[in-house]
Each structure stands twice: as C-alpha cells, then as structure tokens.
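Below you'll find the structure, written out as structure tokens, and then a few comments.
2 protein chains.
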Amino acid sequence: MRTASGERLKSTKNGLLMYIKPIGVVHSPFKKREDIKKAKEKGLSDFENSEGELEIFDEFEPGLKDIDGFSHLIILFAFHKARKRNLISHPPHDGKKRGVFSTRGPDRPNPLGMTVVRLLKRERNRIKVSGVDMIEGTPVLDIKPYTPKDLKEKASFGWLSK
Amino acid sequence: MRTASGERLKSTKNGLLMYIKPIGVVHSPFKKREDIKKAKEKGLSDFENSEGELEIFDEFEPGLKDIDGFSHLIILFAFHKARKRNLISHPPHDGKKRGVFSTRGPDRPNPLGMTVVRLLKRERNRIKVSGVDMIEGTPVLDIKPYTPKDLKEKASFGWLSK
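Line order of the protein sequences matches chains A and B. Everything in the first sequence is counted per the working numbering, starting at 31 for the first residue and increasing by one. Everything in the second sequence is counted per the working numbering, starting at 31 for the first residue and increasing by one.
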C-alpha cells in the first residue's frame, strides 16, 4: 500500500480526525435498515443463519491470504445509513432508554459497526458468511480473525440478560 | 449530538471516505508500540492481566449509562502509531508472512483496532479495565457491549492454532 497512516490522521481543534476507506462491501438478505429492525422485533437476535457475502475490492485481495483456516471473522463496517450521533438509544427489544455504549445500534457518535460472522467459503475476493446483521451495501472497513482472546466464556450481559 | 452521519461521510473517486472522531483515550501500561511487540515475543498472548483505564471525554459520558452490568466491553480504537497500510504482515510470534486480514497487527489498510476488555470499575468517565493490549494515548473510537452473539464457543483459529 502506498500511503503512510499519518496521511489519514489529522489533528483539529475538535480532536483527531481519521480518514477511513472501505475495503469492500456487504451483500445481505436485509435490504434496508428497517429489515434489521423488523427481524429483531420478531425475536431474531443472533442472526446465526442469515447468510451473505463479503465482496472485497480487488486491490485488497492479497490481504485475505490465510483467513480460510479461521471459522469466524470479525467484520468492522460503517453504519452508512446511520441517522444521528445519539448518546442515548432505544433498543427495539427493550423499550427503555439505554446509554448508546451499552447497545449495538447504528446511531452512535462514530458510525462504526462490528459483527462476528462464520466463514462458510471463500472464492478469491468473495467470502460467503453467515451471521450477517448488516444491510446490503454496507461498507466493509476491516476483517480480523476471531481469536481465543475474543472468546469470553464467563461473560455477563447486563441489561441484555433480562 | 449535533451532526448527522452524512456530514462525516464523503464520496470521492477513490471510494467512500469516513471521518471519525475519538470519544476518549486509553491509559496503558504499554508506553510504546515496541512494548506490545516485546510482550508478545515473551509469549504474552492474552494480556488478560494488563490493567489500564479508558478516559472518555466529558461530552460522551452520558452514553456510558448502563454499561456497568456488562463484564466485558468491545473497544474500537485507532492504531494511531501504525506505519504502513500493508496487505502482508509478519506476526511476531509466527515467523511467516500472513495476509493482514488473518492477523490483528496495526499496519493494515484502515488503522482500526478492536480489543475485548474486562470491565473492572467505572467512576464517571473513567473506566478501569483489564485485557489492555493498546498503547498509552490510543484514541478510543467506540465502546460496545460484549454480547452472547460475540461468544463463539466452537471457533477454530487457523494458523494461530499452531
């Protein structure tokens, strides 16, 4: 890659700004933001069987080497249809106001999303996955392997436990 | 919050650009990038006992409501000391060249990091955590709750298993 990271970080009076460029795009059974919301209202919470595809742009394909051995991938993406940068959120399955950092909703200070997907199959720059809870056209910002450090067996889940 | 997300997304001939603003900063026992590398070379892989603090900027504190019930938090951060946007990486504990998307290293197309930490204690806008593998001064971009959907008990870990 050509650019040093310094070129995409910029200090301003409001803090550090960072410039991010997508590496690919999500193809999803959910076409609109409302489709995700409806699925959640119907009680779908794990999205385990929602299949989709990550289409990685050609220039980034060499970076996919060695991912095939991992059963799960961490996808960082842009909530490109986010509407507001709320600090308080109304999760669809809850009914209460929650601090946005205790939720996974899209309307947050920085519209960054993270989902763990199961890797089903890769063909060159196209990765078939399940566990998709992003909408069609979602920009993919990064892919990381899911590692033992991400598996917290004794976790507790706050208000989500109720 | 004041800005609509559209104001920080920009289409260019090179793709979508996204502007990200930190919500806080990491205080860490690791002062430099090399400190992390050394710890890994000594065989520290889980960083489970590395304690640190997330200092969230005052304006974002209301968003922390309700996080206290969660044992673990997902931290998205900027690799602000990243040097290159490599597609091929040389993980310190491996010795082989790996596709960057099968590694967690900092020198990647978008310098975004993700770590799951254990929440130890919160006092207003300061969150004591363990599991810190970021360096001092790392910009925090987002905090998300660790949920059952992130816990993949039957995961397999590719080249990291060796």
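A virtual CB, placed ideally from N, CA and C, is assigned to each residue, including glycine.
Nearest CB-CB separation between Asn-155 (chain B) and chain A: not below the 9 Å threshold.
DSSP places Phe-60 (chain A) in the coil class of the three-state scheme, outside both helix and strand. Here Gly-129 (chain B) really is in contact with Pro-92 (chain A); their C-beta atoms are around 7 Å apart, less than 8 Å. Around the beta carbon of Ser-132 (chain A), 16 or more other beta carbons lie within 10 angstroms, which makes this residue buried.
A check of alpha carbon separations from Ser-186 (chain A) across B:Gly-82, B:Leu-74, B:Ser-101 identifies B:Ser-101 as the nearest. A buried status is given to Lys-174 (chain B), since no fewer than 16 other beta-carbon atoms sit within 10 Å of its beta-carbon. About 13 Å separates the Cβ atoms of Ile-104 (chain A) and Met-164 (chain A), ruling out a contact at the 8 Å cut-off. With fewer than 16 other Cβ atoms from the protein chains shown falling within 10 Å of its own Cβ, Pro-178 (chain B) counts as exposed. Under the 10 Å beta carbon count, Asp-88 (chain A) is surrounded by fewer than 16 other beta carbons and is classified as exposed. Interface criterion met: the Cβ of Arg-148 (chain B) is under 9 Å from a Cβ in chain A. Ser-119 (chain A) and Ile-66 (chain A) have their C-alpha atoms some 16 Å from each other.
The beta carbon of Ile-66 (chain A) does not come within 9 Å of any beta carbon belonging to chain B, so the residue lies off that interface.
Beta-bridge pairing by DSSP links Glu-81 (chain A) to A:Ser-160.
Bridge partners of His-102 (chain B) according to DSSP: B:Arg-148.
For the set B:Ile-53, B:Glu-85, B:Met-48, the Cα lying nearest the Cα of Lys-158 (chain B) is the one of B:Glu-85. When the beta-carbon positions are compared, Ser-160 (chain A) and Ser-80 (chain A) come within less than 9 Å of each other.
In the DSSP assignment, Asp-172 (chain A) falls within the unbroken beta strand (DSSP E) covering 169 to 175.
The beta-carbon of His-120 (chain A) is placed no less than 9 Å from the nearest beta-carbon of chain B.
Chain A has no Cβ within less than 9 Å of the Cβ of Phe-60 (chain B). The Cβ atoms of Pro-52 (chain A) and Val-162 (chain A) lie no closer than 9 Å to each other.
For the options A:Phe-109, A:Glu-78, A:Gly-99, A:Lys-61, the alpha carbon positioned closest to that of Tyr-49 (chain B) is the one of A:Phe-109. It is roughly 38 Å from the alpha-carbon of Trp-189 (chain B) to the alpha-carbon of Ser-41 (chain A).
At least one beta carbon of chain B lies nearer than 9 Å to the beta carbon of Leu-171 (chain A). The C-beta distance from Gly-82 (chain A) to Val-55 (chain A) rounds to 11 Å, too long to meet the 8 Å contact threshold.
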